[in-house]
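Q:
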Amino acid sequence: MNILVLEYFLSKGTPNNKRLSFYSEAINIFQAIINSCLKTENLKLYSWLNKSFNSTFENTDRAEININFSLPDFNNNKEYFSFLENLKIKNLDYFLIIAPETDNILYEMSKILEQKEIKNLGSSSKCIKKAANKWLLYQNFIESKIFLPETELVNNQLIRDNKIKQNIFPAVIKEFYGAGSELMVIDDYRSLKKLDLKENKNYLIQKIVQGTAGSLSVLANQERTEILTINKQIINRQDFKYQGGIVNYPFKSSKKFTEISTKIKEKYPELRGYYGVDFICQDKEFYLLEINPRITSSLIGLAELYNPIKFICQLQETNIFPELKNKAQSRFMLA
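So for the sequence shown, the UniProt record's numbering puts the first residue at 1; every next one is plus one.
Right, here's the structure in full:
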């Protein structure tokens, strides 16, 4: 089996100081994928990366790993997407994309590669458009029994007109389509009034729920889902930046996760392959935050304990879910 693994940041350009944390996360995920591929029989990995990463990764000299380190810096997403559209792909069976939902990047990359004669190991672009929309998620579950943080639409006009509830603070502001780490923390209405939100983007404001941040790593085929691991997220409480995680963290009342996962699959039946679900645990209750229809950072920890790429490919090829008997914990930190 030959798979194309395409990581947005590593293939688009040289690291810059503004987004170093994104590159650090991308490097760790990509190395975990390389390691997992090397543990999988009859599998070869192919990829294109920026030339600046030529000496970044281990085991790239193995016959199973085929990486072209020749890509230049692309000035913008239009240039990058044009490169993908013109990319000649031969003798590859599947593609797997690692990219943020921000500015519909994950959606656009998936849509472009779906036009080529190669199968998607993840969710379709159509599904990504729905599942990555944070406001749609809130609308889909507000009438359900699943707990959600208080959430409202927000824009400059609503702020000027004092239409945002006073009791929603402290809160975070998120784009409808944005990575979980790309948010603004707002302590009070005075701070909110200082903002100047972009008019060409859609935002929501969400009350901060105090508790333990966590995530689910999930596999799905057409019929059902299976939770691979339940993870604790290590978050900087000052700016809510993601720093790492603990895979197989023992949350209490974790049986509720099966209910949450099942409900998500009912609302988004087209979810496929590996995806993540973010939540907050507070007093044995779980608040659903986001669905991440893509490879998430928890795969770094999964790769220390298991073989996630084998699981993803095996599900695609045979519809067989893995049985994970090893419940040891794996802690990982992003450099």
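Think of the CB as a built atom: it goes at the ideal place given N, C-alpha and C, for glycine as much as any other residue.
1) Give me whichever residues DSSP pairs with Gln282 in a beta bridge.
2) Looking at the structure shown, is Glu79 part of a helix, part of a strand, or coil, going by DSSP?
3) What are the uninterrupted segments assigned as alpha helix (DSSP H) that are 4 or more residues long and contained completely in the stretch 139 to 212, given in chain order?
4) Hey, how far is the Cα of Leu197 from the Cα of Asp93?
5) If you check the beta carbons only, do Asn104 and Arg272 fall under 9 angstroms apart?
6) For the beta strand (DSSP E) that Gly13 lies in, which residues bound it at each end?
7) Classify Arg160 as buried or exposed, calling it buried when 16 or more other Cβ atoms lie within 10 Å of its own Cβ.
8) Based on the DSSP secondary-structure assignment, which residues constitute the bridge partners of Asn120?
9) Based on Cα-Cα distance, which residue from Glu323, Glu175, Val247, Phe332 lies nearest to Glu290?
10) Please classify Thr151 as buried or exposed, where buried requires at least 16 other C-beta atoms within 10 Å of its C-beta.
11) Are the CB atoms of Pro322 and Leu219 nearer to each other than 9 angstroms?
12) Three-state secondary structure (DSSP) at Tyr268?
13) Classify Ala32 as buried or exposed, calling it buried when 16 or more other Cβ atoms lie within 10 Å of its own Cβ.
14) Below 6 angstroms CB to CB, which residues in the same chain sit around Ser36 once its five sequence neighbours on both sides are set aside?
15) How close, in whole Å, do the beta carbons of Leu4 and Ile89 come, if the pair is a contact with beta carbons under 8 angstroms?
16) Taking only the alpha-carbon atoms, compute the straight-line gap between Ala131 and Glu285 and give it to the nearest angstrom.
17) If distances are taken between C-alpha atoms only, which option among Val185, Ser144, Asn202 comes closest to Gln157?
18) Which same chain residues end up closer than 8 angstroms to Ala26 when comparing Cβ atoms and leaving out the 5 residues on each side of it in sequence?
19) Measuring straight from C-alpha to C-alpha, what distance separates Gly214 and Ala171?
20) To the nearest angstrom, how far is the alpha carbon of Ile205 from that of Gln238?
A: Walking through what the data contain:
1) Glu285
2) helix
3) 156 to 160, 189 to 193
4) 42 angstroms
5) no
6) Segment: none, Gly13 is in no beta strand (DSSP E) and carries neither H nor E.
7) exposed
8) Phe95
9) Glu175
10) buried
11) yes
12) coil
13) buried
14) Ala303, Asn307, Pro308, Ile309
15) 7 angstroms
16) 23 angstroms
17) Asn202
18) Glu7, Tyr8, Phe9, Leu10, Ile98
19) 18 angstroms
20) 18 angstroms
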